[in-house]
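Number of protein chains: 2
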Amino acid sequence: MSALYLDDLTPGDAWTGAPIAVEEADVVRFAREFDAQPMHIDPQAAAIGRFGGLIASGWHVAALVMRDFIANNPFGDTPLLGIGVDELRWLKPVRPGDTLIARREIVAVRRSASKPQLGTVTMRTTVTDQQGDMVMSMINLMQFPTRPM
Amino acid sequence: MSALYLDDLTPGDAWTGAPIAVEEADVVRFAREFDAQPMHIDPQAAAIGRFGGLIASGWHVAALVMRDFIANNPFGDTPLLGIGVDELRWLKPVRPGDTLIARREIVAVRRSASKPQLGTVTMRTTVTDQQGDMVMSMINLMQFPTRPM
Numbered sequence: 001m002s003a004l005y006l007d008d009l010t011p012g013d014a015w016t017g018a019p020i021a022v023e024e025a026d027v028v029r030f031a032r033e034f035d036a037q038p039m040h041i042d043p044q045a046a047a048i049g050r051f052g053g054l055i056a057s058g059w060h061v062a063a064l065v066m067r068d069f070i071a072n073n074p075f076g077d078t079p080l081l082g083i084g085v086d087e088l089r090w091l092k093p094v095r096p097g098d099t100l101i102a103r104r105e106i107v108a109v110r111r112s113a114s115k116p117q118l119g120t121v122t123m124r125t126t127v128t129d130q131q132g133d134m135v136m137s138m139i140n141l142m143q144f145p146t147r148p149m
Numbered sequence: 001m002s003a004l005y006l007d008d009l010t011p012g013d014a015w016t017g018a019p020i021a022v023e024e025a026d027v028v029r030f031a032r033e034f035d036a037q038p039m040h041i042d043p044q045a046a047a048i049g050r051f052g053g054l055i056a057s058g059w060h061v062a063a064l065v066m067r068d069f070i071a072n073n074p075f076g077d078t079p080l081l082g083i084g085v086d087e088l089r090w091l092k093p094v095r096p097g098d099t100l101i102a103r104r105e106i107v108a109v110r111r112s113a114s115k116p117q118l119g120t121v122t123m124r125t126t127v128t129d130q131q132g133d134m135v136m137s138m139i140n141l142m143q144f145p146t147r148p149m
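Those protein sequences? They're chains A and B, same order as listed.
Residues in the first sequence are numbered consecutively from 1, following full-length UniProt numbering.
Residues in the second sequence are numbered consecutively from 1, following full-length UniProt numbering.
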């Protein structure tokens, strides 16, 4: 597999991931381990609760979006090393049966002043459901290698 | 179990979670599902890579911190509903064998102007390892109910 380097990226470059099917069993399994609240793990309690049914943990949605990023990686062998995330917003509850699509767009590309082999890429990720509604958005800061000399 | 409401929270209120043991099997299992890169899932490849060994997916660290928040929930029955996260930073690689501690501090408490039964809490979460080094920090925005009349 080939690789993309910092030098290959330009603000405005964008990619769309594959459909992400949100399955009830996965929603419950993730939340039992990491976010065991009734709205995420207990269909009966969730049905009479505020959301009228199970909703996915926001951290599960973020993890599913990361999985799609790896599976449909536009950068080839380049390691995807996250420095951080800004402006992460969970905008609409994600429910079992939903199908999500992530779109990623390069916002900024910066070379490191001190380390010529590295730079920083700022990427905006937006995630929509099958109705076209945005369910999550975030700004990802990633460390990225420059092309080897 | 009792519950805390927006009315009960004051900026400066802080809680420390329980020790979070980072286990290699969990690091690999999470990453195989959500972040299947060699640095997270392949001990041999990771050993000769940049970090000299396996490191946890940043999303796994965030999920472990959420699990601790639920397990050591200072808010009782109040649902912990995330609106978003700002300034999430992965500051130091987390490795199998590390033991993490999360500290949470209320930064701001705001009543909703339009919905008297709801408000927003801003919480700063910092996560340190057994050496006292900060490995992750973030600002959490949460929706919080006010005390029922």
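Glycine included, every Cβ here is placed at the ideal spot set by N, Cα and C.
Put simply, the backbone Cα of R95 (chain A) is about 39 Å away from that of L118 (chain A). A straight-line Cα-Cα distance of about 19 Å links I48 (chain A) and F144 (chain B). The beta-carbon separation of L141 (chain B) and T122 (chain B), rounded to 6 Å, stays under the 8 Å limit for a contact. In this structure, the straight-line span from the alpha carbon of A31 (chain B) to that of W15 (chain B) is close to 29 Å. Identification of chain A residues near G82 (chain B) by a Cβ-Cβ cut-off of 7 Å yields G58, W90, ordered along the chain.
Here M136 (chain A) is actually not in contact with V27 (chain A); their C-beta atoms are around 15 Å apart, not less than 8 Å. The beta carbon of I83 (chain B) sits closer than 8 Å to those of T120, L141, M142, Q143, all from its chain and outside the five residues before and after it, given in chain order. Restricting attention to B:P74, B:L64, B:D8, B:G76, the CA atom closest to the CA of I101 (chain B) is found in B:L64. The beta-carbon of I20 (chain A) is placed no less than 9 Å from the nearest beta-carbon of chain B.
By the rule that beta-carbons nearer than 9 Å mark a contact, F75 (chain B) does not touch chain A.
Less than 9 Å separates the beta-carbon of D86 (chain B) from that of D86 (chain A). I41 (chain A) and G58 (chain A) have their C-alpha atoms roughly 13 Å apart. Proximity of chain B to A47 (chain A) at the Cβ level (cut-off 7 Å) is not reached, the minimal Cβ distance being about 15 Å. Linking M66 (chain B) to S2 (chain A) through their CA atoms gives a straight-line distance of about 36 Å. For the options B:E23, B:T78, B:R103, the alpha carbon positioned closest to that of L54 (chain B) is the one of B:E23. With fewer than 16 neighbouring CB atoms inside 10 Å of its own CB, R50 (chain A) falls in the exposed class. Counting every other CB atom within 10 Å of its CB across the protein chains shown gives G132 (chain A) a total below 16, marking it as exposed. At a cut-off of 9 Å between beta-carbon atoms, D13 (chain B) makes no contact with chain A. Sequence-distant partners of E105 (chain B) (beyond 5 residues in either direction) whose C-beta falls short of 6 Å from its own C-beta, in its chain, are A14, R124.
Looking at B:P148, B:G97, B:G76, B:T128, the one whose alpha-carbon comes closest to that of K115 (chain B) is B:P148. At the C-beta level, N73 (chain A) and L80 (chain A) come within 9 Å of one another.
Taking the Cβ atoms as the reference, T99 (chain B) lies roughly 28 Å from L4 (chain B), outside the contact range of under 8 Å.
If you check the CB distance, L6 (chain A) and T146 (chain A) come in under 9 Å. Within the model, the alpha-carbon separation for R110 (chain B) versus F69 (chain B) is close to 21 Å. For R29 (chain A) and Q37 (chain A), the gap between their C-alpha atoms comes out near 12 Å.
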